[in-house]
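Engineer: Quick note, the sequence shown lines up with residues 1 to 688 if you use our numbering.
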Amino acid sequence: MSNLNHSQRIRCGIDTGGTFTDLVGLNEESGELVIAKWPSSPSEPEKALTGVIKDSKLAARDFASLVLGTTVATNAMIQRAGARVLFVTTKGFGDVPFIQRVNRKYHYSFEWKKPEPLVKREDCFEIDERVNYQGRVLTPLKDSSLNDLVEMVTERLENAESEDVVIAVCLLFSHLNPEHENLIKRHLETNFPSIPVSLSHQVAPIWREYERGSTTIADAYVKPVLQSYVQGVRESLDHLKLDCPWALMKSNGGHSSPARAEEEPVNMVLSGLSGGIIGGRYFGELAGWKDLVTLDMGGTSCDVGVIRDGKISYNTDYQIEWSIPIAAPFVDLTTIGAGGGSIAWIDKGGFLRVGPQSAGADPGPVCYGNGGEEVTVTDANLVLGRLNPDYFLAGKMRLTLEKATEKITELGRQMNMDTPQTAQAIVEMANENMANAIRVVSIDRGLDARDFTLVAFGGAGPLHAVGIVERVGMKRIVLPPHPGLCSAFGGLIADYQVDKIWSQYFRSDNVDWHTVRDEFDRLVQTALQELSDEGFSGKPEIEKTISMRYAGQNYEHDVRVADGGISETSLQNALAEFHRVHEHFYGYSIGHEVIELIKFSVKAIGRIPKPQLKPLTLEGNAKPIESRPVYFKEQGFLDCPVYRRSDLPSGFEETGPALIEEEDSMTLVHPENRIQVNEYGVITIEVN
């Protein structure tokens, strides 16, 4: 932690990971950082929040603001620990959540089973009403149907015992006419004022009823969990006498007030992941690069994203599990089970596998000495000499080399491999898994990974970065200062961001551009009002996009509409741009084909000033603090100098092999790779 002038208040970001909870504080006047790290407690996230705030040694008066990234909503869905959902839908559509989509994850596996929805079939209620594709009412909603719904809910409440009960409503074409959904909500709130109700036209106003219904169910499913978390945070901050403004990271990379987060929990599902790519972009640009691949490798998972010309990619097709989608805006990340705690195991065919299972924070890797019995990636790195058992977390935790060596030796016997070979194989398997994730976000999308710079962070990212880029042909790596806390840093510099959607069907040969203009104007005004409600008072940036496809296709691409008002000319330009986008992704376009316009989106961004970090004051040349043997695949054990990152001055250069230690991470530089430190302490590795 830096020595701060406590008369100057600090902006803070806190990120809760699967293994550790991280805090980064920024003194905007001096550019100094304060950092803290505390073991996560998934069953009691507020406990880790309190622990990391106390560990920072900041007084309550020091906090100017606080932004939290949380995995509470994510974990609730993954672990199936949410509320009991009562699902209300149009008569005849009660099986939609169970039919899902007809595709399969594994086409030739007889053992694979389609994941269960977040709702039980017995809790689905079909109500007699119908709206057509134009939004006209075909079957009015009668009072008798509403009374039948109340009876069903009453019966379920009598059998619910102590579990939380919520209601999700998704009626056919309600995104075009929400009249019936609103009637249902008013009736339910009159009879059951304490039960949360999620409406599909508010949660996900899109035209695919399965995706809209799945998203609405997910919103309801995690609502009590997130509300409980927010209340717990309030109580923890009150206990600490911390009364600064605070917010939560949203999946789209913006942040949300606690009250809005409680109302719209589905937008918090990737709260814990979005800060990393924002922090990665900041440090990538600080090193002089704008085409970036970000890699956040922590203790449990690895998140990979792509940034083109400084712009983060977004998506609206996140899947909780196979074919259980959430159609909410989120930063476009690929997540895999590859982290420091990922478990190495032998499959039925005798092949080595790594992950996706993780030892997590408790019991953790074998070398933690907390009762873990399964070999992890961290154990392998320790055996290979890449981790210092006496300086893990700056000495706060001592690793046990003997136990890790014993377990890896046992695993190696099953494959007729010695201990170093087994440990190296574990690391290489993890690296290949992460390299595949990079291929997904680059090569699979028509991008050449070799044209990008990797920004590696998370506690384990810098340790694996060189091994990963060697597999995909990338040539450059950027390592932020305090890489283990980059996601927390991203949270504290995140902008305000609001996304609004209108779904309607048009053909390119019959577009009513006046209607499109009016609806875009409505979306903009709604987004601006929400930005204002969230506390932003500056001049926002507005981005308008239209989701398009060729007639007969079942997938769309988003096309940016030029800044300014909507006109017939601007729409024609957007249609021409779609042909270019389609050719980029698929290698062809069909200039004469009719284009269908499906969805119209507005993104309102309230930029906040980005901080200027304090430049390094160190001069001269750093010397290694020690030297120790480190295993490399081709050379075996090599004598490797070890540097303390806090000792490295601006302009420092070195050629590998080398290790760079810091309190929240470790960097491994392979032989013949060259490193350089810039004036802000950002390390660049040029890979040979």
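Just so you know, even glycine gets a beta-carbon here, dropped at the ideal spot from N, CA and C.
This one's a predicted model, so the numbers in the text were calculated from it and none came from an experiment.
Please state the DSSP three-state secondary structure of residue 417.
Structural biologist: DSSP places residue 417 in coil when its eight states are reduced to three.
Engineer: Tell me whether residue 537 is buried or exposed, calling it buried when 16 or more other Cβ atoms sit within 10 Å of its Cβ.
Structural biologist: Flag for residue 537 reads exposed.
Engineer: Report yes if the CB atom of residue 309 is closer than 8 Å to the CB atom of residue 291, and no otherwise.
Structural biologist: For residue 309 and residue 291, yes; Cβs fall inside 8 Å.
Engineer: Using beta carbons (cut-off 8 Å, strictly below), is residue 387 in contact with chain B?
Structural biologist: This model lacks chain B altogether; it includes just one protein chain.
Engineer: Mind checking residue 498: buried by the 16 CB within 10 Å criterion, or exposed?
Structural biologist: Residue 498 comes out buried.
Engineer: Please classify residue 75 as buried or exposed, where buried requires at least 16 neighbouring CB atoms within 10 angstroms.
Structural biologist: Answer is buried; the Cβ neighbour count reaches 16.
Engineer: Name the DSSP beta bridge partners of residue 246, please?
Structural biologist: 66, per the DSSP bridge assignment.
Engineer: Take residue 318 as the anchor and find which of 312, 481, 335 and 302 has the nearest alpha-carbon.
Structural biologist: When only C-alpha atoms are compared, the closest one is 335.
Engineer: Buried or exposed for residue 386, please, with buried defined as at least 16 other CB atoms from any protein chain shown within 10 angstroms of its CB.
Structural biologist: Flag for residue 386 reads buried.
Engineer: Kindly indicate which residue of 274, 45 and 18 has the alpha-carbon position closest to the one of residue 358.
Structural biologist: Answer by Cα proximity: 18.
Engineer: For residue 504, which option in 206, 533, 276 and 685 has the closest C-alpha, if you only look at C-alpha atoms?
Structural biologist: Measuring from the Cα of residue 504, the nearest candidate turns out to be 206.
Engineer: Run through DSSP, which three-state label would residue 368 get?
Structural biologist: Three-state DSSP puts residue 368 in a helix.
Engineer: Check this for me: beta carbons of residue 289 and residue 85, under 8 Å apart or not?
Structural biologist: Not closer than 8 Å, so no.
Engineer: With a CB to CB cut of under 6 Å and the five nearest residues on each side skipped, what residues in its chain are close to residue 517?
Structural biologist: Result list for residue 517: 566, in chain order.
Engineer: Does the beta-carbon of residue 142 have 16 or more other beta-carbons within 10 angstroms, so that it is buried, or is it exposed?
Structural biologist: Flag for residue 142 reads exposed.
Engineer: Under a three-way DSSP split, which group does residue 33 fall into?
Structural biologist: Correct three-state label for residue 33: strand.
Engineer: Assuming contact is defined by CB atoms lying nearer than 8 Å, are residue 73 and residue 225 in contact in what I supplied?
Structural biologist: Result yes, Cβ atoms of residue 73 and residue 225 sit closer than 8 Å.
Engineer: What residue does the alpha helix (DSSP H) around residue 525 start on, and which one ends it?
Structural biologist: From DSSP, the alpha helix (DSSP H) with residue 525 extends over 513-534.
Engineer: Going by DSSP, name the residue or residues bridged to residue 305.
Structural biologist: Beta-bridge pairing links residue 305 to 294 and 333.
Engineer: Taking 8 Å as the cut-off, decide whether the C-beta atoms of residue 117 and residue 217 are in contact.
Structural biologist: The answer is yes: Cβ separation under 8 Å.
Engineer: Using only CA atoms, which one of 638, 665 and 649 lies nearest to residue 656?
Structural biologist: When each option's Cα is compared against that of residue 656, the closest is 638.
Engineer: Across which residues does DSSP place residue 39 in a beta bridge pair?
Structural biologist: Beta-bridge pairing links residue 39 to 20.
Engineer: Count Cβ pairs between the stretch 107-114 and the stretch 144-151 that sit closer than 8 Å; are there 3 or more?
Structural biologist: No, the stretch 107-114 is not in contact with the stretch 144-151.
Engineer: What whole-angstrom Cβ distance do residue 164 and residue 83 have, given they're in contact under 8 Å?
Structural biologist: Right, their Cβ atoms sit about 4 Å apart.
Engineer: Should residue 622 and residue 659 be called a contact, given that it needs their Cβ atoms to be closer than 8 Å?
Structural biologist: No, Cβ-Cβ distance for residue 622 and residue 659 is not below 8 Å.
Engineer: Alpha carbon to alpha carbon, how far is residue 489 from residue 140? Give it in angstroms, no decimals.
Structural biologist: Cα to Cα, the separation comes out at about 52 Å.
Engineer: Any chance you could list the beta strand (DSSP E) runs of at least 3 consecutive residues sitting entirely within the stretch 601-669, in chain order?
Structural biologist: Counting whole runs of 3 or more residues, the stretch 601-669 contains the beta strand (DSSP E) stretches 626-632, 636-644, 653-655, 658-662 and 665-669.
Engineer: CB-CB under 7 Å to residue 591, same chain, minus the five flanking residues each way: which ones, in chain order?
Structural biologist: Excluding positions up to five away in sequence, the list reads 579.
Engineer: Is the number of C-beta pairs between the stretch 632-646 and the stretch 521-533 that are closer than 8 Å three or more?
Structural biologist: Output reads no: the stretch 521-533 does not touch the stretch 632-646.
Engineer: Where residue 6 and residue 62 are concerned, what is the direct C-alpha to C-alpha distance, given to the nearest angstrom?
Structural biologist: Because the pLDDT at residue 6 is just 39, under 50, the model does not fix this residue reliably, and the point stays unresolved.
Engineer: Apart from the five residues just before and just after residue 55, which ones in its own chain have a Cβ nearer than 6 Å to its Cβ?
Structural biologist: Only 36 and 38 meet the Cβ criterion.
Engineer: Of the residues 125, 10, 234 and 187, which one's Cα is nearest the Cα of residue 46?
Structural biologist: When only C-alpha atoms are compared, the closest one is 234.
Engineer: Should residue 415 go down as buried or exposed, given a rule of 16 or more other Cβ atoms within 10 Å for buried?
Structural biologist: By the neighbour-count rule (16 or more Cβ atoms within 10 Å), residue 415 is not buried but exposed.
Engineer: From this set, 249, 57 and 44, which residue's C-alpha is nearest residue 25's C-alpha?
Structural biologist: It is 57.
Engineer: Tell me the DSSP secondary structure of residue 588 in three-state form.
Structural biologist: Here residue 588 sits in coil by DSSP.
Engineer: So, helix, strand or coil for residue 540, using DSSP?
Structural biologist: Residue 540: coil per DSSP, three-state reduction.
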